[in-house]
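Just below is one structure, and these are the notes that go with it.
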Ligand code: HEM
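Rendered as structure tokens:
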């Protein structure tokens, strides 16, 4: 028998009209407050059912046990599809399975460890450009850095003009995407609004650029060790390669998903270190002790637990993907630890990652930046109470890449400079596609006395 709302209680807190007003003016603050009252909150806008979920058991029931009954939420997908086409982020069901299988090998640990060197070298170049006491816009610097890294690891291009062109186009895509997400119902992309025109032009130029890189690559043949080679060499179960259009969509998907998130995580890391100088000094001590002037490598990261904990704690307090949505493709009913749940087909289920990451039952003193929570031997939260990279079969494809990248960049920066925040307090957050800090992140550069020696 299929369960219905009459046969099962919906174990979710109903939200009042006043709450829904608070939700629209301060979405994240509201998500955090409501999660501390109950793990699942429910409200209706006209005939839409919207659920905010910050309960690890319910999340496991949905994302891990019933992923086949869920699609991504249509609001975000409709906007992101314009940019990412039918790449693995957007595809559903069999098309998703096929693409995920084809793209995943590009992110195997053995493959990506070779990228650590590029990540460290580009970071050294960035800090090498900075002058003593200079004030830098860290948000721009880190976005440019992660973009150069993904462009190099993706296409093996390190020519600055080419990477800069990709950077400019990605910026056009992200900014227009954010404008579209901000408008509840953005006009379809064939309507010639200024936003659509800018987005369509950027997409045309980016596709053309990638098509050129693919053609050159195919003419040369072979494996150049980058993500593009893996995409071109990938074969499905019937031995078929991806079409050129599909490779282009995957390239744009990985460029989009693969740089802004990591840059945002690092912006918050440095902002938090400014507020917690003791942690900053512990990080410097670890970096100096382990590296002793040598560059960061994949192998050396294993000896740097504080660096890893600092990144993990930042991703807890400021997860760049602060929430993500799903839409049930049929009615879903189950009993979890907290009670019986019912989610109707077509409802909007929003996993409130940031709210769950601040629940005091899993994270004592949740507002405090305490990397030692993640130290070996410290009590760990339940598995699905920490979700910076999502969970279940759609977990972030780039999570190993991103964790390695964030640690390599952070350790390399900490090896060369100290940064002091120009603003006294932490900035507000600006939640759009990712959880960016509001405004420009201005930092003053304080070089360390002894520069490292290269080995
Ligand atoms: C700190 C950095 C990153 C964070 C916080 C992050 C977070 C996430 C999250 C939460 C999801 C799941 C969304 C959902 O289930 O709806 C996701 C999916 C994804 N991420 Fe990441 N990500 C990061 C970096 C990267 C990088 C570096 C890449 C690639 C180079 C990447 C590629 C992807 C892809 C392709 C998916 C879609 C997977 C699928 O649907 O099968 N991400 N990411």
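In this note's numbering, the protein residues as written are 395 to 849.
Just so you know, even glycine gets a beta-carbon here, dropped at the ideal spot from N, CA and C.
Taking 8 Å as the cut-off, does the CB of residue 625 come closer than this to any heavy atom belonging to the ligand HEM?
no
CA-to-CA distance, residue 736 to residue 504, given in whole angstroms:
In a straight line, the C-alpha of residue 504 is about 42 Å away from that of residue 736.
How big is the Cα-Cα spacing for residue 443 and residue 781?
Near 23 Å, if we compare the C-alpha coordinates of residue 781 and residue 443.
Residue 793 beta carbon near the ligand PLP (any heavy atom closer than 8 Å)
The model on display carries the ligand HEM but not the ligand PLP.
Helix, strand or coil: which one does DSSP assign to residue 682?
helix
Using a Cβ-Cβ cutoff of less than 6 Å, which residues in the same chain neighbour residue 689 once the five nearest sequence positions on both sides are dropped?
514
Tell me whether residue 772 sits in a helix, a strand or coil according to DSSP, three-state version.
Residue 772: coil per DSSP, three-state reduction.
Can we count residue 445 as close to the ligand HEM, meaning its CB is less than 8 Å from some heavy atom?
no
How far does the alpha helix (DSSP H) with residue 655 in it reach, from first residue to last?
654 to 669
On the criterion of 16 or more Cβ atoms from any shown chain inside 10 Å, does residue 522 qualify as buried, or is it exposed?
exposed
I'd like the list of long-range same chain contacts for residue 570, defined as Cβ closer than 7 Å, with 5 residues on each side in sequence excluded.
589, 592, 593
Check whether residue 807 and residue 507 have beta carbons under 9 Å apart:
no
For the putative contact between residue 533 and residue 835, defined by C-beta atoms under 8 Å, what is the C-beta separation to the nearest angstrom?
4 Å
Does the Cβ of residue 790 lie closer than 8 Å to at least one heavy atom of the ligand HEM?
yes
Can you find the residues in the same chain that come closer than 7 Å, C-beta to C-beta, to residue 760, ignoring five residues on each side of it along the sequence?
Result list for residue 760: 752, 753, 754, in chain order.
Taking 8 Å as the cut-off, is the CB of residue 433 close to at least one heavy atom of the ligand HEM?
Incorrect: residue 433 has no Cβ contact closer than 8 Å to the ligand HEM.
So, are the CB atoms of residue 620 and residue 550 less than 9 Å apart?
When the beta-carbon positions are compared, residue 620 and residue 550 come within less than 9 Å of each other.
Could you spell out the range, first to last residue, of the alpha helix (DSSP H) harbouring residue 623?
Per DSSP, residue 623 belongs to the alpha helix (DSSP H) from 621 to 627.
Short of 7 Å in beta carbon distance, which residues of its chain neighbour residue 676, apart from the five on each side in sequence? Order them along the chain.
Counting only Cβ-Cβ distances below 7 Å, and skipping sequence neighbours, we find 700.
For the beta strand (DSSP E) holding residue 719, just list the boundary residues, first then last.
718 to 722
In chain order, what residues of the same chain have a beta carbon less than 6 Å from the beta carbon of residue 485, not counting five sequence neighbours either side?
493
How about residue 656 and residue 540: are their beta carbons less than 9 Å apart?
yes
So the candidates are 749, 728, 687; which of them puts its Cα closest to the Cα of residue 713?
749
beta-carbon residue 713 near the ligand HEM non-hydrogen atom, thresh 8 Å
yes
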